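What follows is a short report on a single structure.
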Amino acid sequence: MQRFVEDYLAASVENEDDGGRMRWYPWHSAEYRFNHILNVVDLASKIAEREGGDVDVVRVAALFHDIAKLEADQEVHAEEGARVAREYLTSHGDFPQSFVEQVCQVVADHSYQGSLEDVTLETRCLIEADILDKVGANGTVLMLLRMGYEARTHMDASEMVERVLERGHAATDRIESDSAESIAHQRLKRVKWFREWLEEEVPGMDHDEFGD
């Protein structure tokens, strides 16, 4: 199943004559997308286990949640991902129909932007994991990579890390579960530490510009 998702993402890029949408940004590559999916599988499984969700449903839904990200528009990639998941699960193995339906519903709902109190526990676990993968050290590295693509100097690094913190706080405001909140707190703390170390070691950065 994992190999199928990896191959599907790679084929999504290879099948596009123009090389895909913004492939020069690392998070729009097949390699990054697959790594993100594996991160979300791990995070979502941990949250589901701690919160009492159906871990099998969450793991499979997490594996398929962004499978259509590189070939479909953002607005419909969740529905397209659910379609691909349904086709795979109904043609591989002997999964109960109720399991297939639940997985596909979670995939289809993972882009929901409303309150997480409105979705199923399994969907909430996936959405929280999806949010968390963009928070912390991973989000910081991606933002610093973006600096290179935008021809920024290292003197802008503190500003970019501050953006990671701001976006991280905004994203984690949606989180409902104690398990996800605990992970978010630890990840945001790491970003704060990195920003402090950076400003201490790089002369010329404005230490007073940013707050907590």
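Residue numbers (full-length UniProt numbering): 1 to 212.
Yeah, the Cβ is synthetic: ideal placement off N, Cα and C, and Gly gets one too.
For clarity, every value in this text was computed on a predicted model and none was experimentally measured.
Could you give the residue range of the alpha helix (DSSP H) that holds residue i?
i           : result
V164        : 157-172
L89         : 77-91
V60         : 55-64
residue 247 : As shown, the chain starts at 1 and ends at 212. That puts residue 247 outside it, with no answer to give.
L43         : 30-51
E14         : 2-14
Which term fits residue i, buried or exposed, when burial requires 16 or more other beta carbons within 10 angstroms of its beta carbon?
i    : result
H185 : exposed
E122 : buried
M155 : exposed
G19  : Low per-residue confidence applies at G19: pLDDT is 46, beneath 50, and the placement is therefore not dependable, though the value from the model is reported in the following sentence. G19 comes out exposed.
G114 : exposed
G81  : buried
A61  : buried
Quiz item: Between the region 76-90 and the region 40-55, do at least 3 Cβ pairs fall closer than 8 angstroms?
Solution: no
Quiz item: Where in the region 106-137 do unbroken runs of the alpha helix (DSSP H), each at least 4 residues long, occur, reported from the N-terminal end onward?
Solution: 121-132
Exercise. Please determine if the region 164-174 and the region 63-82 are in contact, where contact requires at least 3 C-beta pairs separated by less than 8 angstroms.
Key: no
Quiz item: Does the region 93-111 come within contact of the region 43-59, defined as at least 3 CB pairs closer than 8 angstroms?
Solution: yes
Quiz item: Touch check for the region 115-134 and the region 191-198: three-plus C-beta pairs under 8 angstroms?
Solution: no
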